[in-house]
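Student: For what it's worth, full-length UniProt numbering labels the leading residue of the sequence shown as 1, then goes sequentially.
Ideal placement from N, C-alpha and C gives every residue a C-beta, glycine not left out.
These numbers come from a predicted model, not from an experiment.
Starting off with a structure, shown below.
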Amino acid sequence: MILFQISRDVKAASASTTHHPHSQEPAVKKVFTSSPFLKLPTLPPFKAFWFLIGTALITTFLTVLVLTLSSANKFRSFSLRSLTSRYKQVVQGQTTPLPSSLIIEESDYEPIATSEMWSSTSLMQQLSQNKAISHTKLSKYSPTLKPLLGHHRCNRYGRLEEPRILIPDGFPNVYSTDTYMASCKFENLCMTSSGEFVLFEPSQRITGGDRFAQILNSRPWVYTQGSTVHSDRGNFFGAIVDGDLVLQMNKEEESQVENAFVKKTRQVSCQGLLMAWNGTRHGVAISDDVENSERSTAFENSKIIEEIRARVGKDPNALCHENYYAPIALSKDFQIIEKPIYALKRYAAGNAGHFLSQSLGMIMGLMMNFQSESVGSATSAAFTSSSSSSQWQDNHILYLDDLESKEGFDWMGLFGYDLELGNKFSLTGGQLLSQNPILQRCFVGGRWRVMPAPCRNDSLSIPTTSPASSNRMELQTCFTNFFAGHTTNNLVIYPYGKEYTYMKIRELTYKNLRILPFDGTFTTTQQKQRLEAFLKKKDILISINRKEMSDRHLQAIFNVDQLADYLRKHLPQDPFIQELLTNKDGSKRKLIIEDIDLYKFPSIPSQVRYFSDVDIYISDPGSAAYYSMFLRDETTVILPPTCENPSKCKTSHGVHVLQALPNIQIADLLELNNGIPPPCIPRPGVLSQINCDVVFPPDLVLKSIVRAFKKRFTKYLTRKDLVL
Numbered sequence: 001m002i003l004f005q006i007s008r009d010v011k012a013a014s015a016s017t018t019h020h021p022h023s024q025e026p027a028v029k030k031v032f033t034s035s036p037f038l039k040l041p042t043l044p045p046f047k048a049f050w051f052l053i054g055t056a057l058i059t060t061f062l063t064v065l066v067l068t069l070s071s072a073n074k075f076r077s078f079s080l081r082s083l084t085s086r087y088k089q090v091v092q093g094q095t096t097p098l099p100s101s102l103i104i105e106e107s108d109y110e111p112i113a114t115s116e117m118w119s120s121t122s123l124m125q126q127l128s129q130n131k132a133i134s135h136t137k138l139s140k141y142s143p144t145l146k147p148l149l150g151h152h153r154c155n156r157y158g159r160l161e162e163p164r165i166l167i168p169d170g171f172p173n174v175y176s177t178d179t180y181m182a183s184c185k186f187e188n189l190c191m192t193s194s195g196e197f198v199l200f201e202p203s204q205r206i207t208g209g210d211r212f213a214q215i216l217n218s219r220p221w222v223y224t225q226g227s228t229v230h231s232d233r234g235n236f237f238g239a240i241v242d243g244d245l246v247l248q249m250n251k252e253e254e255s256q257v258e259n260a261f262v263k264k265t266r267q268v269s270c271q272g273l274l275m276a277w278n279g280t281r282h283g284v285a286i287s288d289d290v291e292n293s294e295r296s297t298a299f300e301n302s303k304i305i306e307e308i309r310a311r312v313g314k315d316p317n318a319l320c321h322e323n324y325y326a327p328i329a330l331s332k333d334f335q336i337i338e339k340p341i342y343a344l345k346r347y348a349a350g351n352a353g354h355f356l357s358q359s360l361g362m363i364m365g366l367m368m369n370f371q372s373e374s375v376g377s378a379t380s381a382a383f384t385s386s387s388s389s390s391q392w393q394d395n396h397i398l399y400l401d402d403l404e405s406k407e408g409f410d411w412m413g414l415f416g417y418d419l420e421l422g423n424k425f426s427l428t429g430g431q432l433l434s435q436n437p438i439l440q441r442c443f444v445g446g447r448w449r450v451m452p453a454p455c456r457n458d459s460l461s462i463p464t465t466s467p468a469s470s471n472r473m474e475l476q477t478c479f480t481n482f483f484a485g486h487t488t489n490n491l492v493i494y495p496y497g498k499e500y501t502y503m504k505i506r507e508l509t510y511k512n513l514r515i516l517p518f519d520g521t522f523t524t525t526q527q528k529q530r531l532e533a534f535l536k537k538k539d540i541l542i543s544i545n546r547k548e549m550s551d552r553h554l555q556a557i558f559n560v561d562q563l564a565d566y567l568r569k570h571l572p573q574d575p576f577i578q579e580l581l582t583n584k585d586g587s588k589r590k591l592i593i594e595d596i597d598l599y600k601f602p603s604i605p606s607q608v609r610y611f612s613d614v615d616i617y618i619s620d621p622g623s624a625a626y627y628s629m630f631l632r633d634e635t636t637v638i639l640p641p642t643c644e645n646p647s648k649c650k651t652s653h654g655v656h657v658l659q660a661l662p663n664i665q666i667a668d669l670l671e672l673n674n675g676i677p678p679p680c681i682p683r684p685g686v687l688s689q690i691n692c693d694v695v696f697p698p699d700l701v702l703k704s705i706v707r708a709f710k711k712r713f714t715k716y717l718t719r720k721d722l723v724l
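Pasting the structure below:
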C-alpha cells in the first residue's frame, strides 16, 4: 500500500503544467490516508441536493477543459525540472503546492520549519541544479517505486577520565572523543558525487528527533582509521536528510533506476487542502483498466475527505500533514551495492602485521557487532556451518583513503612503508575476510566514485572546498548495509579481552581459503576426526623468520643461519623426535627446518596457508610475530626480549600482546633463560638509535622445541608407549 500511495502521488505530479501556477493543484489527484478518530458529518437533504448539482457542473466544466488542453498538446509530460522549481519555491518560503498526499497524525507532530527541510543550507542549495528527466504521459505512465528507508543503529562508549594502559610500555585504550558514536550499521546510506555521505532518515524515526539530527550534522559519526586513534584522519562525517529516499525503477527493467525523490512531510491548513480537493477530485479520471487496488484506494480517499471536513468543521484552523516529493539527481553511473560494506581508512598498510592486527581486527569487530541477526550469532556454532561462513564472507571491503595521498595526516595510510606493498596487502589481506572485489572511494573524472581498488585520486582536480558546498546534490552510490566505526579490536595496542576476535579471524580465514578441516562440507565430528588424522601424519615444520637488517627494520634475529644449522644437526638425534617422525603404520614424516622471508610470499593468503602447517615459529617480536594468530591450536612461538644493549633487555611488547592469544604457547626467551639477557649485537636504525639484535642461544632453543613437541604430539603417539 505504501508503494501504491507513492505511485499515485507521482502520477498526480504527471498531470501538472508549468504554464498556470495557480492551476497546478487542480490537475493533481491527491491521495489521502485516514484517521479513525474523525466522524463523517450529516448534510441536510436540501444542502445535499445543491451540493450534488454543483459537483456535476464542476465536473462537466473540468472535463471540457482537460479535453481542450489535451487536444492542444499543452499538457506536458512529467518533468523533474518543473518539480524541482516548485520544490525550491517551497524551500524559499513560498506556498506553491506540490504533488502530495495527506497524513492525519497525532497533534504532537512538530511543524517542519523552512530552515529544517534539509540538514544544511548547502544540501538545500544542491537541489536547485538537478537535471530534467522526462517521462511518458500520465495515461501511459505506471512507475515502479522503491523506497530506500534510511536507518542507523549504533553503539557508544562512555567517557573515561583516564584511559587504561593494558600492557607494559603500551598505549592507552583510547578512542576518538570527537565522534558521537563508536560503531554503526547504516541502512541505505548514500554517497554523493561531491563525496558526502547522506542518510535519508526522517527526524520522526530518530531517537531525540531534530536535536539528535543536528548533532549528527555537526560532529563526526564514527572513527574509521584501522582501530588506531592517532589523529582526526579517521573521523567519518555524514549528513542526515529529514525525509525518505524513493527510487523510481524502470517498468520493463526493474533493476534500472530512472529517478530519485525525497519524500517529506509538511504541515498545511486542512481547510486549504479541502478547498483544493473540491476543485480537483474529478480532474483526473480513473480509466477502466486501472487495478482494483487503485479503485479501492480511491474509495478510501472519499472517506478521508469526509473526515477532513469533520475536522475543519470543529476547527477551521486545523492543521493536516501533507507528503510531497522533491527530486534528487542521479549520477550517470549510479549504483546500489546490496552486499554488506565494511568501510575504513588504512593505517601502516605497507606492514602486514599492522594490517592484519588493525584493519582486519576492525572489520571483524564490526561483523561481530552487527551481523548476528543475518548470519547467526557470533558463536563457534555459527562458524561450523559452511553456509553460515559463506554469508560472513559475502561482503565488500571499502577503503575510504588513497595510499598515495600526502595531504594532512594521509601519510599514516602507509606510514612510510612501500606503496606497492601497501596495495598488495590491502588487496590480498582483504581476501581473508571477503570473497568479493575490494573497493575504494576515489575522486576520478571530477567526481567521487566507488571503484575497484586500488585507484588513484585525480589530485589536481579535487575541489578545495568541502563536498557539501557543491552546487547540486547528485547521488553516486547507495549502500544497502554500510558498517563503520571503532571497535577497539587492535591486537598491537590493546589485546586483552578482545583475543576471541582474532580467533574468529583465523576461523573465517581458514574457511574462506578452504584450509583443512574446512576444505569441504563435513560435520563437526568429521572435522575433528580429519584434523586429528592430519596432525598424526603431517610433516613437522619449524619456521624461523629472517628479517631484513635494514635501517628501518629493528629487533632482528642476528644468528638465523647458525640457529637453523644447529637445529637441523641436533634435533633429529633426540629420541622423542625420532619416535615422532615414525608413524604408527611405519611411514615416515619429514622434519623441515627453514628460514622464511615474509616479503617473498606472493600474497597474504599464501602466508596464511603456510602458517597453518607450522608447528614451531621462531620470530623477532615485531610485526612478523603477529602471524601467530593464524597458527593452529597447541603450537608454540619463541620470541626474544627487546634489548637496548647487551646488558639491558626486557620482555618485548610482542610477548605481552601475543600471550593473550589462546591458540598458541608463547616461549619468552628471557624467561626461558631465568631472566638472564641473551647476547645481542648493537645496530642503530632510522626509527631508533637504540637497538640490539638478539643472538638466540641454540641449545636453549633446542630444549624448548623438544618440550613443545612433547606437549603437542604426545597424545597422538602409540598408547603403549605411555604405559609406565
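Distance, Cα to Cα, R707 vs L535?
Tutor: Within the sequence shown, the letter at position 707 stands for residue 707. Within the sequence shown, the letter at position 535 stands for residue 535. Rounded to whole angstroms, R707 to L535 spans 17 Å at the Cα level.
Student: Just verifying my parser: in three-state terms, what is the DSSP assignment at K547?
Tutor: Along the sequence shown, read from residue 1 onward, the residue named residue 547 stands at position 547. Coil.
Student: Classify G365: buried if its beta carbon has 16 or more other beta carbons within 10 angstroms, exposed otherwise.
Tutor: To locate residue 365, count along the sequence shown from 1; it is residue 365. G365 should be labelled buried.
Student: DSSP beta-bridge partners for M249?
Tutor: Within the sequence shown, residue 249 is the residue found at index 249, counting from 1. M249 pairs with T144 and V257.
Student: I'd like to check one pair, R506 with M629: are the Cβ atoms closer than 8 Å?
Tutor: The sequence position of residue 629 within the sequence shown is 629, counting from 1. The sequence position of residue 506 within the sequence shown is 506, counting from 1. The answer is yes: Cβ separation under 8 Å.
Student: Between the alpha carbons of N691 and K538, how many angstroms are there, rounded?
Tutor: Within the sequence shown, residue 691 is the residue found at index 691, counting from 1. Within the sequence shown, residue 538 is the residue found at index 538, counting from 1. Computed Cα separation, rounded: 38 Å.
Student: Please go through the same chain and pick out, in chain order, the residues whose beta-carbon is closer than 6 Å to the beta-carbon of T265, but skip the five residues on each side of it.
Tutor: Numbered from 1 along the sequence shown, position 265 holds the residue referred to as residue 265. Answer for T265: H321 and N323, listed in chain order.
Student: Helix, strand or coil: which one does DSSP assign to S269?
Tutor: Working through the sequence shown from its first residue, we reach residue 269 at position 269. If DSSP states are grouped into helix, strand and coil, S269 belongs with the strands.
Student: Whose C-beta lies closer than 6 Å to the C-beta of D613 among residues of the same chain, with five residues either side of it excluded?
Tutor: Here the question's residue 613 lines up with position 613 in the sequence shown. Within the same chain, L541 come within 6 Å of D613 by CB-CB distance, once the 5 residues on both sides are set aside.
Student: Using the rule of at least 16 other Cβ atoms within 10 Å of the residue's Cβ for burial, across every protein chain shown, is K424 buried or exposed?
Tutor: Against the sequence shown, residue 424 aligns to sequence position 424. Residue environment analysis places K424 among the buried positions, since at least 16 neighbouring C-beta atoms fall within 10 angstroms of its C-beta.
Student: Quick one: grab the DSSP three-state call for Q476.
Tutor: Along the sequence shown, read from residue 1 onward, the residue named residue 476 stands at position 476. Looking at Q476 - three-state DSSP - the assignment turns out to be strand.
Student: When DSSP labels each residue in this structure, what does L554 get in the three-state scheme?
Tutor: Position 554 of the sequence shown, counted from the start, is the residue given in the question as residue 554. Of the three classes helix, strand and coil, the one that applies to L554 here is coil, per DSSP.
Student: How do the stretch 304-314 and the stretch 233-245 stand: do at least 3 beta-carbon pairs fall below 8 Å, yes or no?
Tutor: Touching, no, given that fewer than three Cβ pairs across the two stretches are closer than 8 Å.
Student: Counting Cβ pairs closer than 8 Å, one from the stretch 351-362 and one from the stretch 488-499, do we hit at least three?
Tutor: yes
Student: Whose C-beta lies closer than 7 Å to the C-beta of P662 among residues of the same chain, with five residues either side of it excluded?
Tutor: Taking the sequence shown and counting its residues from 1, the one referred to as residue 662 is at position 662. Correct list, in chain order: E499 and M503.
Student: Taking the C-alpha atoms as reference points, what is the distance between R441 and I165?
Tutor: Translated into the one-based positions of the sequence shown, residue 441 becomes position 441. Translated into the one-based positions of the sequence shown, residue 165 becomes position 165. Roughly 34 Å separates the two Cα atoms.
Student: Helix, strand or coil for M368 per DSSP?
Tutor: As a working note, residue 368 is residue 368 in the sequence shown. Helix at M368.
Student: Counting along the chain, where does the beta strand (DSSP E) carrying F713 start and finish?
Tutor: Indexing the sequence shown from 1 puts residue 713 at position 713. Element bounds for F713: not the beta strand (DSSP E) but the alpha helix (DSSP H), P698 to F713.
Student: Does chain D have any CB closer than 8 Å to the CB of M549?
Tutor: Going by chain labels, chain D is absent from the structure shown, which holds only one protein chain.
Student: The alpha helix (DSSP H) with A625 in it runs from where to where?
Tutor: Here residue 625 refers to the residue found at position 625 of the sequence shown. Careful: A625 lies outside any alpha helix (DSSP H) and carries neither H nor E.
Student: Answer yes or no: do L403 and R346 have a C-beta to C-beta separation smaller than 8 Å?
Tutor: Here residue 403 refers to the residue found at position 403 when the sequence shown is read from its first residue. Here residue 346 refers to the residue found at position 346 when the sequence shown is read from its first residue. The answer is yes: Cβ separation under 8 Å.
Student: If we ignore side chains and look at the alpha-carbon of each, how far apart do K185 and V222 end up?
Tutor: Stepping through the sequence shown from its first residue, residue 185 is reached at position 185. Stepping through the sequence shown from its first residue, residue 222 is reached at position 222. Each residue's alpha carbon lies about 11 Å from the other.
Student: Per DSSP, what kind of secondary structure is I165 in: helix, strand or coil?
Tutor: The residue labelled residue 165 in the question sits at position 165 within the sequence shown. In the three-state DSSP reduction, I165 falls in the strand class (E or B).
Student: In the DSSP assignment, find the unbroken beta strand (DSSP E) run with Y324 in it and report its ends.
Tutor: As a first step, residue 324 must be located in the sequence shown, where it is residue number 324. Run containing Y324: L319 to I337, per the beta strand (DSSP E) assignment.
Student: Which residues bound the beta strand (DSSP E) around Y399?
Tutor: Counting from one through the sequence shown, the residue named residue 399 turns up at place 399. Annotation: the continuous beta strand (DSSP E) that includes Y399 extends over H396 to Y399.
Student: Starting from F212, trace the alpha helix (DSSP H) both ways and give me its first and last residue.
Tutor: The residue you call residue 212 lines up with position 212 of the sequence shown. Residues G209 to L216.
Student: Mapping DSSP to helix, strand and coil, what is M412?
Tutor: Taking the sequence shown and counting its residues from 1, one reaches residue 412 at position 412. M412 falls in the helix class under three-state DSSP.
Student: Would Y627 pass as a contact of F601 if the rule is Cβ separation under 8 Å?
Tutor: To locate residue 627, count along the sequence shown from 1; it is residue 627. To locate residue 601, count along the sequence shown from 1; it is residue 601. Contact: no.
Student: Name the residue from N250, A260 and L344 whose alpha carbon lies nearest to the alpha carbon of F236.
Tutor: Indexing the sequence shown from 1 puts residue 236 at position 236. Of N250, A260 and L344, the residue nearest in Cα terms is L344.
Student: Suppose contacts are defined by Cβ-Cβ distances below 8 Å. Is I664 in contact with L631 by that definition?
Tutor: In the sequence shown, residue 664 corresponds to position 664, counting from 1. In the sequence shown, residue 631 corresponds to position 631, counting from 1. Yes, these two residues count as a Cβ contact at 8 Å.
Student: Assuming Y617 and F483 are in contact, meaning their beta carbons sit under 8 Å apart, how far apart are those beta carbons, in whole angstroms?
Tutor: Counting from one through the sequence shown, the residue named residue 617 turns up at place 617. Counting from one through the sequence shown, the residue named residue 483 turns up at place 483. Taking the Cβ atoms as the reference, Y617 lies roughly 32 Å from F483, outside the contact range of under 8 Å.
Student: Thinking C-beta only, is L658 closer than 8 Å to V637?
Tutor: Your numbering for residue 637 matches position 637 in the sequence shown. Your numbering for residue 658 matches position 658 in the sequence shown. In this structure, L658 lies closer than 8 Å to V637 by Cβ.
Student: Candidates G313, S434 and K263: which alpha carbon is nearest P340's?
Tutor: For the purposes of this step, residue 340 is taken as residue 340 along the sequence shown, with counting starting at 1. Among G313, S434 and K263, the Cα nearest to that of P340 is on S434.
Student: With a 10 Å radius around its C-beta and 16 neighbouring C-beta atoms as the bar for buried, classify A285 as buried or exposed.
Tutor: On the sequence shown, residue 285 is found 285 positions in, with the first residue counted as 1. Summary for A285: the model assigns pLDDT 37, below 50, so the residue's position carries little reliability; its value from the coordinates is reported in the next sentence. Counting other Cβ atoms within 10 Å of its Cβ, A285 stays below 16 and is therefore classed as exposed.
Student: If distances are taken between C-alpha atoms only, which option among S550, T651 and V655 comes closest to Q689?
Tutor: In the sequence shown, counting from the first residue as 1, residue 689 sits at position 689. Ranked by Cα distance from Q689, the options S550, T651 and V655 are led by S550.
Student: Once DSSP output is grouped into helix, strand and coil, what is the label at Y617?
Tutor: Taking the sequence shown and counting its residues from 1, one reaches residue 617 at position 617. Looking at Y617 - three-state DSSP - the assignment turns out to be strand.
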